[in-house]
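As structure tokens, the structure follows; a few thoughts come after it.
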Amino acid sequence: MNRRSFMSWGTAGVAALCSAVGVSLGAVGRFLTPSVFYEPPQTFKIGKPADFPFGSPTFLVDEKIFVFRHREKGFAVASAVCTHLGCTVKYFQSDQDFHCPCHGSIYSANGTVLHGPAPRPLNWFEITLAPDGQLRVDKNKIVPPTYRLMV
Amino acid sequence: MNLIREIWRSIVRRDPLSTDKGKSELVFLNVWLHIHPAKVKKENIKFRYSFYLGFITFFLFLILLTTGIALMFYYRPYPSVAYQDMKDLQFAVFMGPFLRNMHRWAAQAMVLCVFLHMCRVFYTGSYKKPRQFNWVIGVMLLLLTLGLSFTGYLLPWDQLAYWAITVGTNIGSYAPLVGGRLRELLLGGHTVGEAALIRFYVLHVAILPSLVILLTIVHFWRVRKDGGLSRPLWKLKPRKTEALVTIGAPAEVAPLHVAAASPDKTYGLMEVVTGKPIFETVTPEEEEDTVFSYPYAFVREAVALMATVTTVMTVSLFFNAPLEEMANPAITPNPAKAPWYFLGLQELVSHSALLGGVVIPALMVIALLAIPYMDRNPSRRPRDRKWALWVFTFFVVANVALIIIGTFFRGPGWAWVPPWVHVVARPE
Amino acid sequence: MERRLQQAFFALSLLALVLILAAEWQASSPSWKNYQRKYLQLESEEEPNAASKAAVLATPLAINQAILPGLQRVDRCTTCHLGVEDPTMKNAPEPFRYHAGLGPHVPSKFGCTICHGGQGLATDMKDAHGNVVFWQTPLLPANYIRASCGRCHKEGNVPGVPELTEGRHLFETEGCHGCHKLNGVGGSIGPDLTEEGANHRSPQWLVRHFLAPNVVSPGSAMPNFHFTGEQARALTYFMLSLTSQDMGSYYSSMQLIPSPEFGRQLFVEKDCIVCHAIGGVGAKSGPDLLAVTKRHSAEWLDEQLVNPQLVYPGSSMPEYDLESNARKAIIAFLASATREDAQEIMARKGHPLTPEDAAIEAGKQDFARFGCAGCHGTELQGGVPNPNAQGEQVPSLLHVSDDYTKDEVIAIIRDGKVPPLDNPKGSAPPLYMPSWKTVLSNEDINHIADFLWSKQQKKESW
Numbered sequence: 001m002n003r004r005s006f007m008s009w010g011t012a013g014v015a016a017l018c019s020a021v022g023v024s025l026g027a028v029g030r031f032l033t034p035s036v037f038y039e040p041p042q043t044f045k046i047g048k049p050a051d052f053p054f055g056s057p058t059f060l061v062d063e064k065i066f067v068f069r070h071r072e073k074g075f076a077v078a079s080a081v082c083t084h085l086g087c088t089v090k091y092f093q094s095d096q097d098f099h100c101p102c103h104g105s106i107y108s109a110n111g112t113v114l115h116g117p118a119p120r121p122l123n124w125f126e127i128t129l130a131p132d133g134q135l136r137v138d139k140n141k142i143v144p145p146t147y148r149l150m151v
Numbered sequence: 001m002n003l004i005r006e007i008w009r010s011i012v013r014r015d016p017l018s019t020d021k022g023k024s025e026l027v028f029l030n031v032w033l034h035i036h037p038a039k040v041k042k043e044n045i046k047f048r049y050s051f052y053l054g055f056i057t058f059f060l061f062l063i064l065l066t067t068g069i070a071l072m073f074y075y076r077p078y079p080s081v082a083y084q085d086m087k088d089l090q091f092a093v094f095m096g097p098f099l100r101n102m103h104r105w106a107a108q109a110m111v112l113c114v115f116l117h118m119c120r121v122f123y124t125g126s127y128k129k130p131r132q133f134n135w136v137i138g139v140m141l142l143l144l145t146l147g148l149s150f151t152g153y154l155l156p157w158d159q160l161a162y163w164a165i166t167v168g169t170n171i172g173s174y175a176p177l178v179g180g181r182l183r184e185l186l187l188g189g190h191t192v193g194e195a196a197l198i199r200f201y202v203l204h205v206a207i208l209p210s211l212v213i214l215l216t217i218v219h220f221w222r223v224r225k226d227g228g229l230s231r232p233l234w235k236l237k238p239r240k241t242e243a244l245v246t247i248g249a250p251a252e253v254a255p256l257h258v259a260a261a262s263p264d265k266t267y268g269l270m271e272v273v274t275g276k277p278i279f280e281t282v283t284p285e286e287e288e289d290t291v292f293s294y295p296y297a298f299v300r301e302a303v304a305l306m307a308t309v310t311t312v313m314t315v316s317l318f319f320n321a322p323l324e325e326m327a328n329p330a331i332t333p334n335p336a337k338a339p340w341y342f343l344g345l346q347e348l349v350s351h352s353a354l355l356g357g358v359v360i361p362a363l364m365v366i367a368l369l370a371i372p373y374m375d376r377n378p379s380r381r382p383r384d385r386k387w388a389l390w391v392f393t394f395f396v397v398a399n400v401a402l403i404i405i406g407t408f409f410r411g412p413g414w415a416w417v418p419p420w421v422h423v424v425a426r427p428e
Numbered sequence: 001m002e003r004r005l006q007q008a009f010f011a012l013s014l015l016a017l018v019l020i021l022a023a024e025w026q027a028s029s030p031s032w033k034n035y036q037r038k039y040l041q042l043e044s045e046e047e048p049n050a051a052s053k054a055a056v057l058a059t060p061l062a063i064n065q066a067i068l069p070g071l072q073r074v075d076r077c078t079t080c081h082l083g084v085e086d087p088t089m090k091n092a093p094e095p096f097r098y099h100a101g102l103g104p105h106v107p108s109k110f111g112c113t114i115c116h117g118g119q120g121l122a123t124d125m126k127d128a129h130g131n132v133v134f135w136q137t138p139l140l141p142a143n144y145i146r147a148s149c150g151r152c153h154k155e156g157n158v159p160g161v162p163e164l165t166e167g168r169h170l171f172e173t174e175g176c177h178g179c180h181k182l183n184g185v186g187g188s189i190g191p192d193l194t195e196e197g198a199n200h201r202s203p204q205w206l207v208r209h210f211l212a213p214n215v216v217s218p219g220s221a222m223p224n225f226h227f228t229g230e231q232a233r234a235l236t237y238f239m240l241s242l243t244s245q246d247m248g249s250y251y252s253s254m255q256l257i258p259s260p261e262f263g264r265q266l267f268v269e270k271d272c273i274v275c276h277a278i279g280g281v282g283a284k285s286g287p288d289l290l291a292v293t294k295r296h297s298a299e300w301l302d303e304q305l306v307n308p309q310l311v312y313p314g315s316s317m318p319e320y321d322l323e324s325n326a327r328k329a330i331i332a333f334l335a336s337a338t339r340e341d342a343q344e345i346m347a348r349k350g351h352p353l354t355p356e357d358a359a360i361e362a363g364k365q366d367f368a369r370f371g372c373a374g375c376h377g378t379e380l381q382g383g384v385p386n387p388n389a390q391g392e393q394v395p396s397l398l399h400v401s402d403d404y405t406k407d408e409v410i411a412i413i414r415d416g417k418v419p420p421l422d423n424p425k426g427s428a429p430p431l432y433m434p435s436w437k438t439v440l441s442n443e444d445i446n447h448i449a450d451f452l453w454s455k456q457q458k459k460e461s462w
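Residue numbers (this note's numbering), protein chains in the order written: chain A, 1 to 151; chain B, 1 to 428; chain C, 1 to 462.
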């Protein structure tokens with residue numbers, strides 16, 4: 001028996017096995033990559049304009065947004081997610097600013113950072129009026145804080 | 001380059017495999033490969049003797065462990081969502097069906113292989129002194145395997161699962177005094193519901209696998225300590241008390257003291273490779289009978305591993321694991337059958353609940369556990385133990401026959417329906 | 001031998017590699033991807049230039065799903081049926097065709113399977129369309145899909161589905177309640193029908209069953225009601241709509257569609273004509289309601305119906321406890337109400353009933369509502385076959401006063417009665433008089449007895 005070829009079959013086997021394991025690991029990676037998402041959509045309707053009061057913003061818990069309705073200036077939607085590490089900020093009507101409970105970031109009423117550690121101002125989302133008369137928010141579309149929807 | 005070599009040497013500390021020392025070191029410097037001694041008896045690694053059933057069972061368990069952990073990422077043990085998760089695995093998750101199939105078919109195969117392994121151990125008499133207690137551990141592993149399969153059966157939360165578990169747990173409830181309590185404890189209620197699902201889930205993914213791993217370690221360790229894999233002893237020639245020869249002693253060293261080998265001592269190679277001037281001393285017959293574990297044993301086991309894996313993969317590629325409609329407590333399929341390995345029991349229960357559901361299975365388990373202690377016959381030669389072989393064979397055949405009857409010959413209302421007869425459902 | 005084993009190891013490892021690649025290939029080529037590619041191809045043909053064509057074709061493929069907790073389902077149908085909401089796909093081949101006439105029933109809010117049936121979670125055609133083992137709600141045949149409207153719209157008229165209204169009407173008038181329970185009310189001779197729509201019977205089976213119960217279910221106690229084909233279809237529609245599944249608040253708020261027909265019914269029920277006129281026909285104490293929707297907005301009218309005094313301080317209009325869909329229905333009726341409607345309503349109004357007549361009328365309603373008519377006939381004629389009962393059929397009730405006193409009849413209704421056997425050795429007849437005391441109040445039973453006595457005929461003298 002030729003010893004060299006005797007060993008090489010085993011080595012080839014190990015090589016084939018390793019590549020099979022490698023491919024399997026890749027497959028596991030794809031297996032774990034989510035193919036469907038069970039979460040609220042990024043674009044959603046929040047109700048009729050009349051459902052929102054003037055003055056202090058309405059906080060929508062599931063969507064994590066503040067809906068502002070100004071008497072003359074119309075609708076605007078601010079993200080309630082702190083730009084620092086993703087905590088949910090709270091709005092204080094008395095000081096007209098947002099406070100993050102996690103690390104003390106403070107944002108002004110138009111979202112600019114008044115106090116660190118937040119690196120960026122709060123996001124403002126596009127709000128439009130759908131043909132059925134409902135307000136529609138698109139979290140994929142970030143707009144400047146001056147954006148207003150007039151109804 | 002030196003650094004790389006140094007790192008490599010820190011990982012692989014053995015000599016090259018071309019040397020006998022390297023082959024030995026490969027085995028006992030490695031925590032996993034040390035399952036074998038450096039050299040094994042040729043008879044140990046004969047496929048025709050053990051059929052590698054123990055290994056195959058273990059490999060199936062490894063498949064179950066890996067696929068099971070993968071499936072856990074997509075499974076929530078709550079009735080309505082559990083079924084939805086199964087559908088997600090079927091329709092949305094990448095390779096979800098394949099992994100679930102592998103898990104399902106490997107589980108069925110493992111039940112079968114544990115049973116066959118047990119039969120092999122019995123027929124070769126390998127449970128005899130000093131391995132009596134290892135047989136007991138093996139029986140426990142058999143029971144744990146059945147438990148794992150049974151608890152896993154419920155998790156898809158389809159009609160098949162729901163009614164198999166309803167029927168299966170009711171078999172147990174016939175035990176006097178404790179039966180009802182036991183069922184209540186297992187189900188967390190009186191019917192199979194959300195409490196039962198979470199209990200079965202915890203048993204299936206945490207408690208039972210941990211026990212199997214623990215007992216498997218003990219099982220393997222004891223095999224190793226009791227002289228390695230079981231082999232047909234009667235094929236060995238009787239020991240002679242002749243002078244031993246020393247193997248591999250350096251030529252310039254003075255001949256060592258030669259002593260008669262004691263039949264009670266196991267001689268190892270450790271002394272050789274640790275550099276101590278003691279050399280393995282074995283009888284010439286034994287020396288002829290041993291080979292290095294690497295590659296002789298490992299290549300066989302590798303072949304067994306790959307054969308097991310590829311078989312399970314092939315089956316999984318072409319046959320889908322069953323998933324029926326969502327569990328519905330209001331509609332009982334007719335007949336409602338337990339998992340196949342319990343159908344022998346169900347068949348017995350259909351004749352007598354107490355006798356078939358409790359007394360006979362309890363006696364069977366006790367008898368299985370007691371086999372090594374009841375069988376006082378020290379010989380492992382088949383011709384010396386005809387009686388034991390016949391009794392065991394009778395029970396095996398009876399068990400298999402009952403399972404076959406329950407699986408293929410029972411139709412609606414547990415009536416006798418051969419598989420070639422098609423039953424039309426009775427109109428409502 | 002050793003060489004052989006090494007070769008076997010190599011071969012098996014290679015096989016494992018091939019198998020895992022095969023499994024990956026199997027998993028990465030699901031049929032929905034082909035459909036999505038075809039759809040993108042179709043869409044890109046509309047694009048004006050190569051760049052935008054390429055952009056469309058490069059859209060990532062993904063499973064689309066509507067998560068519908070309110071309907072307890074997740075529908076992935078739009079993974080392949082991509083053009084459902086795109087009017088430009090009006091003439092596209094299936095599965096891409098536009099779904100006309102959806103109205104408010106958009107897939108993102110309703111999914112597809114609540115109306116069509118099928119398996120929403122599935123992502124290949126065979127499984128999704130549900131004609132597979134172990135899936136019990138396959139796609140409904142096209143001419144029965146509208147039966148599903150009744151799953152949410154459980155009351156009143158459903159516009160465009162006359163079969164459903166007809167089926168509900170037949171169920172009430174033919175006395176089905178006498179034997180069948182529906183939402184907890186009804187007899188126990190036949191099966192409970194509350195979940196009939198979820199019982200996954202095919203429409204064809206149901207139709208055949210209604211035409212000839214005994215042929216489809218041998219030994220069934222259900223009499224043959226000699227329904228016409230259309231009636232059987234209507235009842236099938238009703239059966240397919242029956243489910244006790246909780247539809248979530250958004251969906252169940254539409255149990256009752258605010259249709260003009262229902263508004264008219266309410267208008268009659270609430271006796272609006274007592275104060276109001278339409279086009280001069282009716283009373284003059286309130287304003288004339290002809291074209292009232294042109295004078296006031298719907299919101300204004302709605303507010304008026306909720307709280308009349310708030311809108312018109314000092315108004316003598318009472319507050320009616322109407323739910324919002326009922327108010328909408330009345331407003332919808334008023335939008336189209338004419339002088340002729342008022343005349344018809346006035347003509348039907350008739351005279352107030354005497355207490356005796358009222359009791360008989362109530363008894364008549366109960367007789368129909370609780371399903372007595374199912375066995376005893378709408379005209380009390382009886383005659384439904386009942387093997388081995390005396391006379392082999394359910395007795396007529398036109399002559400009970402000859403054999404029983406009123407109190408005895410009341411006792412029979414209350415406690416039930418097993419009919420005397422024709423052949424004492426034979427099996428019990430399938431139909432029997434159930435005990436009604438848990439369902440009917442004493443008052444109801446008295447009313448029914450009054451009704452029966454009002455219908456008695458004298459036996460022909462010998």
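C-beta: ideal position from N, C-alpha, C; glycine also.
Since this is a predicted model, take the numbers as computed values, not measurements.
- Query: Could you give the distance in angstroms between the alpha-carbon of Arg-183(B) and the alpha-carbon of Gly-193(B)?
  - Reply: 13 Å
- Query: Quick one, which residues of the segment 94-110 of chain B are near chain A if we go by CB-CB under 8 Å, in chain order?
  - Reply: Phe-94, Met-95, Gly-96 and Leu-99
- In chain B, which residues lie less than 9 Å from Arg-30(A) when you measure between Cβ atoms? Phe-94 and Met-95
- Task: Please classify Leu-32(A): is it buried, with 16 or more other beta-carbons within 10 angstroms of its beta-carbon, or exposed?
- Result: exposed
- Output yes if chain A places a C-beta closer than 8 Å to the C-beta of Phe-10(C); else output no. yes
- Check distances from the C-beta atoms of the segment 159-188 of chain C to those of chain A and list, in chain order, the residues that come in under 7 Å. none
- Mind checking the segment 68-90 of chain C against chain B and listing, in chain order, the residues whose C-beta falls within less than 8 Å of any C-beta there? Gln-72, Val-74 and Arg-76
- Output yes if chain A places a C-beta closer than 8 Å to the C-beta of Ala-70(B); else output no. yes
- Query: First and last residue of the alpha helix (DSSP H) that includes Ile-429(B)?
  - Reply: As displayed, chain B neither begins before 1 nor continues past 428, which places residue 429(B) out of reach and without an answer.
- Item | Straight-line Cα distance separating Gly-152(B) from Lys-39(B) | 40 Å
- Message: So that I know if they touch, is there some Cβ in chain B lying closer than 8 Å to that of Ala-16(C)?
- Response: yes
- Message: Measuring straight from C-alpha to C-alpha, what distance separates Met-95(B) and Gly-68(B)?
- Response: 14 Å
- Task: Could you work out which residues of chain F lie near Pro-295(B), taking near to mean beta carbons separated by less than 7 Å?
- Result: Note that chain F does not occur in the displayed structure, where the protein chains are A, B and C.
- Query: Is Gln-393(C) helix, strand or coil when you go by DSSP?
  - Reply: strand
- Query: Going along chain C, which residues have a C-beta under 9 Å from Leu-323(B)?
  - Reply: Phe-134
- Any idea if Gly-406(B) is buried or exposed, counting beta-carbon neighbours within 10 angstroms, 16 or more meaning buried? buried
- Query: Can you name, in chain order, every residue of its own chain whose Cβ lies under 6 Å from the Cβ of Tyr-75(B), other than the five neighbours on each side?
  - Reply: Asp-85
- Contacting residues, own chain, Cβ-Cβ under 7 Å from Pro-141(C) (five flanking each side not counted): Pro-203
- Count the other CB atoms, across all protein chains shown, that sit within 10 Å of the CB of Arg-13(B); report buried if there are 16 or more and exposed otherwise. exposed
- Query: If Gln-159(B) and Asn-328(B) are in contact, beta carbons under 8 Å, what's the gap, nearest whole angstrom?
  - Reply: 6 Å
- Message: Which residues in chain C have a C-beta closer than 7 Å to the C-beta of Gly-13(A)? List them in chain order.
- Response: Gln-6, Phe-9, Phe-10 and Ser-13
- Task: Just the C-alpha distance for Arg-136(A) and Pro-41(A), rounded to the nearest angstrom, thanks.
- Result: 12 Å
- Task: Find out if the Cβ-Cβ distance for the pair Leu-61(C), Lys-33(C) is shorter than 8 Å.
- Result: yes
- To which residues of the same chain is Ala-297(B) closer than 6 Å at the C-beta, ignoring the five residues directly before and after it? His-36, Val-40 and Ile-45
- Enclosing beta strand (DSSP E) for Gly-47(A) [first to last residue]: 43-47
- Task: Note the first and the last residue of the continuous alpha helix (DSSP H) segment covering Tyr-251(C).
- Result: 248-252
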